[in-house]
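Asks: Here it is: the structure, laid out below.
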Amino acid sequence: MIASSIRWPMVGAQKSSKDITTELLAPNETKPALWWYIGMGIGTIFLAYGAWAFYMSLSVGLGTWGLTNSVGWGWDIINFVWWIGIGHAGTAFTIFFLVFRQKWAASINRTAEAMTVFAVMCAGIFPLIHMGRPWLAFFIMPYPNTRLLWVNFNSPLFWDVVAISTYLLMSITLWYFGMIPDLATMRDRAKNKISKEIYGFFSMGWDGSMISYNRYETLTRILGGLAAPLVISVHTIVALDFSISVLPGWHATILPPYFFVGAIFSGFAMVLTIMILMRKAFKISDFITEKHLDSIARVLKYGSLVIGLAYAIELFIAWYSGVEYEIYTFFNARASGTFSTAFWIMVFCNAIVPQVFWFKKARRNIAILFTVSILINIGMWFERFIILISSLAEDFLPSSWTDYSPTLVDIGVYVGTFGIFICGMLLFIRYIPIIAINEVKAYKKEGN
Amino acid sequence: MEKKYWQSIEETNPDYTPQKEESNSSTIEILTDDTNVKSTSRRDFLKWCGISFFSATVISACENPVKKAIPYLHQPETLTPGKANWYASSFVDGNRFCSVLVKSRDGRPIKIEGNDLCTFTGGGTNAIAQASVLSLYDDGARYKYPAKKGEKIGWEIADEQIKKALREAGEKGKKCYLLTPTLLSQSTKELINSLKAKYPALEFVSWDAVGYEAIREAHLTAFGRAAIPDYRFDKASLIVSFSADFLATWVAPVSFANRYAKTRKISESNPAMSRHIHFEAGMSVTGSNADERVPVKPSTELDIIMELYNEMAALTGNPVFSSPASGYDTKALAEEILAHKGKSIIVCGHNNLQAQILINAINLMAESYGNTLDNRKTLNMGQGNQEAMAQMIEQMEQGNAELVMFYKSNPLYNYPNADRLKSALANVPMSVSFATAKDETAKECTFILPDNHYLESWGEAMPVWGTHSLMQPVMQPVFNTRQFQSTLLAWLDKDTDYHAYIKEYAEKALFPRQTRYPDFQQFWINTLQAGILETDEVFAFDARLQSGVVSDAVAQLKTQTANTAQVQFMVHENVAMADGSYANNPWLQELPDPVTKIAWDNFAAVSPAFAEEHNLKDGDIINFNSVEVPMIIQPGQAMDTISLALGYGRTFAGKSADKVGVNAFRLLTGSAFLWDVATWQKTGSGHQFARTQTHHSMEGRPIVRESTLDKYKQSPNAGNEIREYHLKHMSTLYPEHTYEGHHWVLMVDLNACNGCSTCVIACQAENNTPVVGKDEVRRRRIMHWMRIDRYYTGEKENPGVVYMPLMCQHCDAAPCENVCPVSATNHSHEGINQMAYNRCVGTKYCINNCPYKVRRFNWFRYAMNDRFDYNMNSELGRMVLNPDVTVRERGVVEKCSFCIQRIQDAKLKAKNERRKLKDGDVVPACMGACPSKALVFGDINDPDSKVARLIKDPRNYHLLEEFHTLPTVGYLTKIRNKKG
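One line per chain: the protein sequences are V and D, in this order.
All residue numbers for the first sequence refer to numbering that gives the first Met the number 0, where the first residue is 0 and numbers rise by one.
All residue numbers for the second sequence refer to numbering that gives the first Met the number 0, where the first residue is 0 and numbers rise by one.
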């Protein structure tokens, strides 16, 4: 065996193809462990809380939320942006690593994409439920109708609808097509009739022939090519919701790139969290090695630098503009005023803590990796909180300045989306191969 | 036979069956042949489609319940469905008076407007008058039938029993009492006199919960005639006020606000305005408008009055009496007053006889009488008599009273010693209340003979000599009520038709005093239509001081101010609650106090220094004479004083009023309306106020632009210099809107606006704005379409106060419009930013993107929802809704529309009259209600319109104009007449 001097092995131990298949399908083919049931239980409780919150929001009204006459968007949009950010990583993993030929990502793709799909689903709930009259949500669709009404193409919210639905569709497609060979493997190994039929249906008659692989690869690349701009557009457009407005702290051209980097950053952190948990849960540390985690940590460190720079630039531009409203928002409201706690949590978690990844010891320490990944997601939540609330709660006319605090319903909707995410992910690891077996097999030789 | 081709030798074998090998077959074949899957057939697909379409149809077929409007079978002659009728009437309640026009739609009154024909009020209104229409529909609190001890009885039976009591009281040598507030109606007084003549046992006691009798008495003592001069603020160039909140509550605030504004409006051609100096303890609306406000303790205030008298006396050569030093430069003030001889006006809000006598003397030296104080056409307010009230209670306690009757008075709530009165009332065998709606006194009365609401009544009032204002019913009584005067007529064994009586009265008393109409019927119809008759009647007094009066007053006042407590306590009325009579009006409860911006509560206000000294913070509950009151830190409050608003803490008034705030009348230990010593302590518990504004500084932003008169005279754009810079730097890449027809503009004169908040209620009444309640106001979700922002400037112990009415700015480059994904808010070709409620899906993006934060979201369903149990939750309460304005559904955004329905109405009217719309045809609700005429609306494309002139005023600016939102609401800078 020749070990590459520049490339670390992507599969830890010497394994035959059969070993790989058996090991990676173990979560699907064996009975789930106790933690899985506990996880599903927690997810279901979250879902139940979320269902109550949904019911309150829909039947009583948005008055059950903590919003005010000045703060028209609160936890709903914070959580929307947060989930969208997380939902970024999966597609980014596949696409950018495909483009840059970073084959080490192969073992992470599947989970990252699943995370994307569920995160975007969670995110998609918020724009829908934050409407005063969600039952009229179809008004936002540009379709010919007898009422002769048309949407406003000037509105970033319309762009949002287009961008997010396209992105969701693309993410699901990409995820699903990537899964087909593995679903076929499951079909072939399925022992009972029902799973055989189901996997058979979804694997679309995959036969594993060279010609199928050829078409499969081609399609993956086409889809990847189509998805690449979407990864950039979706969060850019979310950022435009803010940039297009007039509010101090929102009306800034830096927001689209800043949001994009922030999304990759938070998405990678979430991937890291999930990977660590899955390594713990399943014996897959040969497939997701310390090196994988190390690479993600390096990306996070880089992302953190960019984010830190963005924070600094925002402050500088606010000062440099000389606009009193901007200066107030950034220096008085955010850095030293009502929102200073949240602001410094954000700076600490996003710009300072990930710097620990300059040290190899930190990158290889599971406990540190896990802690930092969680802190980043907390920090990124606070970033959205800062952007949303500080600009709305203290804008132009001091007479309209209000406090903002979420209610149990606000929290419930957020917890409910966690329920969707947890249950979704658990079902995913139960019924779908968590690592792209075919890809790992393909890269096994190269790496080892 | 067909030719057979073969590929291999095996195939030639007749038993050969082809073997399929998976690896050789194509994917497509596997898909169709090999997967053991039940694929969805086209038939299944169509089935599913069918089910989906069917369910979608069923779901979308659910619609809101249809309500039918049934047309008249016999349409009344004067009534056109969809068209409003207007009736002139008068809002009269005790001292409060406002000549009004009532808008009636389909036979129900829905809106109150000021009557422009009334020169006394100048066509303005106040918040209470605006909101009075809602009380008509208060089915939760109004008494619906005559009752004895809670049991429904007939009018005749009640009449018989009371008449018997009236008769028998005389025979038994006992007394009967009729308690009323000040009566501005001459005919009612006449009627009471006839009743007294018929039943000699009847005593008539006049008592005001908040009275001005000291002024009347001071004139009796000083000049020999019980009268209150008419305060002509419009003729004054120097106004000195001692705690008189004349713009909001004192004596005749609607008229005074109107007159005051006349001296505050300023233009380049006439750069003159009055100067207003105000002494007070708490921050009142009037005080907040003063050019110079002096926060002082009430006792010091009286010292200042004494000293001011002395200084003026010294300067004019009148006798001087020794008085305590006040610490204020009264000499300079005296000189200033004398420099404005005949053009100054000195008023005092203390219901204190001695202080009022000194004020009279000061006014006399300032030559105010005959100039700024009209001593011929005097006012009719302040007829109350505290002493008579005290005597009545004494007689009741001694068991000498057979019958006590309460008309428009509720002493068990607002008499300072209500407990004593309550036990005295228990001593009286029979008591009668004429209350319209639930009150604490009626609860304890034997009989409740409910009076009509004023919109169901006939009547007349003479607020000032020579001005008669008529009252006419706008609808039939809603309930089985009877007008108080009709009840009196019944007891006089006369026809109970008060209409006939008042007509007769008019023929006898009013008709001869005019010359315009020779025929009475013609006179009656025309006067009724106008609502106002101005005659030459006078009740004059000679402003000549009686000897010895001043020395007595000074001597007595000195003893009052000597040895006073360190901490002093003042009560005051506010613009909404007044003496508590309107507490069950949810519009008024939700009206934020103009100064503190607190709704649904009263509070003990203390100064910032006091709070610091005693470690108090906003919302701390303090204990006053065993009553717990939450407190706030009020900038501008005099040190060591505590102010508290009256009118709250009702216990039996209705669901909106009960248990809201505390009853400040209870805290008055001595005689009413004298400052009282405050004993207080911290309780340690807290309270959260429903406050609509919590940040009070402009943070140095050019929001309200202000300057001083001196600077204005030098340059008319003083304070507004920044506008030039903004105009120079304005540019856009986009084509701007063009307006070929009308282009509507609203101009707000910040110098005329006094913050009284009448417009807020007018807007609420006109536009069906829901009441959301204390909790929702706390969450900062008040629905008012217009608000008045109040900012403090300068040091917190005595800050400057500025008010800024804020409604939708109708920006020509509106930030809200481009962000709405469904175009629910869009721009009209007349410059109005309009809302299509049906289109709105409620993303709230427009709310976020509005720099003025004037958009409102329907967080809940506010109509027909038990959670919001206010007027919109009752069949009767909804009668007040304006049918021209949609009641908004839950989840949609709403905001000021510039009263688009009124614009449309004016256009249609002009079209029917085949003329062009002219300036002044369109009056939005806020503008119409404003007593100060601070708002002007019009078409800027009409070069002769007022707004076209005002928008060119160098004082004009647009709020946040640097953002190029191009608002169509313009503000005229605030100018203060400050020295230095």
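Using N, Cα and C, we set each Cβ at its ideal position, and we do this for glycine too.
Computed from a prediction, not measured in an experiment: that's the story for all the values here.
So, are the CB atoms of D:Asn584 and D:His742 less than 7 Å apart?
Replies: Taking 7 Å as the Cβ cut-off, D:Asn584 and D:His742 do not qualify as a contacting pair.
Asks: Can you name, in chain order, every residue of its own chain whose Cβ lies under 6 Å from the Cβ of V:Phe267, other than the five neighbours on each side?
Replies: Here the set comprises Ala88, Ile295, Val298 and Leu299.
Asks: Chain V partners of D:His828, CB-CB under 7 Å?
Replies: Correct list: empty, because the minimum Cβ distance to chain V is about 18 Å.
Asks: Start and end of the alpha helix (DSSP H) containing D:Asp43?
Replies: Counting along the chain, the alpha helix (DSSP H) containing D:Asp43 begins and ends at Arg41 to Ala60.
Asks: For D:Val892, which residues in the same chain have their Cβ closer than 8 Å to its Cβ, ignoring the five residues on either side in sequence?
Replies: So the list reads Ala823, Thr824, Met834, Cys839, Gly841, Lys843, Cys845, Ile846, Arg854, Arg855, Phe856 and Asn857, once near-sequence residues are dropped.
Asks: Name the two residues that bound the continuous alpha helix (DSSP H) containing D:Ser89.
Replies: No alpha helix (DSSP H) contains D:Ser89, which is instead part of the beta strand (DSSP E) from Ala83 to Asp92.
Asks: Can you name, in chain order, every residue of its own chain whose Cβ lies under 7 Å from the Cβ of D:Leu246, other than the five neighbours on each side?
Replies: These residues qualify, in order along the chain: Pro252, Phe255, Ala256, Tyr259, Val284, Thr285, Asn288, Asn753 and Cys755.
Asks: Using the beta-carbon count (16 or more within 10 Å), is D:Thr220 buried or exposed?
Replies: D:Thr220 is buried by the Cβ-count criterion.
Asks: Just list the alpha helix (DSSP H) runs in the segment 191-233 of chain D, keeping only unbroken ones of 4 residues or longer that don't cross its boundaries, in chain order.
Replies: Runs of the alpha helix (DSSP H) inside the segment 191-233 of chain D: 212-222.
Asks: If I measure Cβ to Cβ from D:Met404 and keep anything under 6 Å in the same chain, skipping five residues before and after, which residues do I get?
Replies: Hits under 6 Å: Leu177 and Val431.
Asks: Report yes if the CB atom of V:Arg383 is closer than 7 Å to the CB atom of V:Trp72, and no otherwise.
Replies: No, the Cβ-Cβ distance between V:Arg383 and V:Trp72 is not below 7 Å.
Asks: Less than 6 Å between the CB of V:Leu314 and some heavy atom of the ligand ADP, yes or no?
Replies: Inclusion of the ligand ADP in the displayed structure is not the case, the ligand content being empty and no account of it being possible.
Asks: Quick check: is the beta carbon of V:Arg132 nearer than 7 Å to any beta carbon in chain D?
Replies: Cβ-Cβ to chain D under 7 Å: yes for V:Arg132.
Asks: On the criterion of 16 or more Cβ atoms from any shown chain inside 10 Å, does D:Lys151 qualify as buried, or is it exposed?
Replies: Classification for D:Lys151: exposed.
Asks: Which residue from D:Ser240, D:Ala813 and D:Pro591 puts its Cα closest to that of D:Val759?
Replies: Among D:Ser240, D:Ala813 and D:Pro591, the Cα nearest to that of D:Val759 is on D:Pro591.
Asks: Just tell me which of V:Trp400, V:Ile287, V:Leu225 and V:Leu24 has its CA closest to the CA of V:Ile365.
Replies: Among V:Trp400, V:Ile287, V:Leu225 and V:Leu24, the Cα nearest to that of V:Ile365 belongs to V:Ile287.
Asks: Please report the distance separating the alpha-carbon of D:Thr861 from that of D:Asn766.
Replies: What sits at residue 861 of chain D in the sequence shown is Tyr, not Thr. Straight-line Cα distance between these residues: approximately 14 Å.
Asks: Counting only beta-carbon separations shorter than 7 Å, does V:Gly89 have a partner in chain D?
Replies: Not an interface residue.
Asks: Verify the CB distance criterion: does D:Ile985 have a CB-CB separation below 7 Å to chain V?
Replies: An answer regarding residue 985 of chain D cannot be provided, because it is not within the stretch 0 to 979 covered by chain D.
Asks: Quick check on V:Val408 - is its C-beta less than 7 Å from some C-beta in chain D?
Replies: For V:Val408, the answer is no, since every Cβ of chain D falls outside 7 Å of its Cβ.
Asks: Suppose the cutoff is 6 Å on Cβ atoms and the five residues either side in sequence are ignored; what does the same chain contact list for D:Leu165 look like?
Replies: Once the five neighbours on either side are set aside, the close Cβ partners of D:Leu165 are Cys175 and Tyr198.
Asks: Run down chain V in chain order and give the residues with a C-beta less than 8 Å from the C-beta of D:Asn817.
Replies: Per Cβ cutoff of 8 Å: Asn151, Asn153, Ser154 and Ile243.
Asks: Can you tell which of D:Lys296, D:Asn662, D:Phe538 and D:Gln74 has its C-alpha closest to the C-alpha of D:Ala564?
Replies: Measuring from the Cα of D:Ala564, the nearest candidate turns out to be D:Lys296.
Asks: I need the straight-line Cα distance from D:Trp249 to D:Gly348, nearest angstrom please.
Replies: Roughly 7 Å between the two C-alpha positions.
Asks: Report yes or no: do three or more beta-carbon pairs, one from the segment 242-254 of chain V and one from the segment 387-404 of chain V, lie closer than 8 Å?
Replies: Cβ pair count under 8 Å is three or more, so yes.
Asks: Nearest-angstrom Cα distance between V:Tyr36 and V:Arg363?
Replies: Answer to the nearest angstrom: the Cα atoms are 30 Å apart.
Asks: Please state whether DSSP places V:Glu28 in a helix, a strand or coil.
Replies: Three-state DSSP puts V:Glu28 in a helix.
Asks: Let me check understanding here. Comparing Cα to Cα, which of D:Met630, D:Asp158 and D:Ala761 lies closest to D:Cys147?
Replies: Note that residue 147 of chain D is Lys in the sequence shown, not Cys. Nearest C-alpha to D:Lys147: D:Asp158.
Asks: Kindly indicate the opening and closing residues of the alpha helix (DSSP H) around V:Ile44.
Replies: It spans Leu33 to Ser58 - the alpha helix (DSSP H) in which V:Ile44 sits, taken as one unbroken run.
Asks: Since D:Phe96 and D:Leu190 should fall inside the 8 Å C-beta cutoff, what is the C-beta to C-beta distance between them, to a whole number of angstroms?
Replies: Going by Cβ atoms, the distance from D:Phe96 to D:Leu190 rounds to 19 Å, so no, they are not a contact pair.
Asks: Under the rule that 16 or more other beta-carbon atoms within 10 Å means buried, what is V:Phe381, buried or exposed?
Replies: The residue is buried, with at least 16 neighbouring Cβ atoms inside 10 Å.
Asks: Does DSSP put D:Ile620 in a helix, in a strand, or in coil?
Replies: If DSSP states are grouped into helix, strand and coil, D:Ile620 belongs with the strands.
Asks: Spatial neighbours of D:Phe609 within its chain, please: C-beta separation below 7 Å, excluding the five flanking residues on both sides.
Replies: For D:Phe609, where only same-chain residues beyond five positions count, the Cβ hits under 7 Å are Met638 and Asp639.
Asks: Could you tell me whether the Cβ of V:Ser320 comes closer than 7 Å to any Cβ of chain D?
Replies: Taking Cβ atoms only, chain D never reaches closer than 7 Å to V:Ser320, which makes this a no.
Asks: Cβ of V:Val414 within 7 Å of Cβ of V:Phe79?
Replies: Against a cut-off of 7 Å, the Cβ pair of V:Phe79 and V:Val414 comes out as no contact.
Asks: If distances are taken between C-alpha atoms only, which option among D:Ala947, D:Ala813, D:Tyr836 and D:Cys929 comes closest to V:Asn153?
Replies: When only C-alpha atoms are compared, the closest one is D:Ala813.
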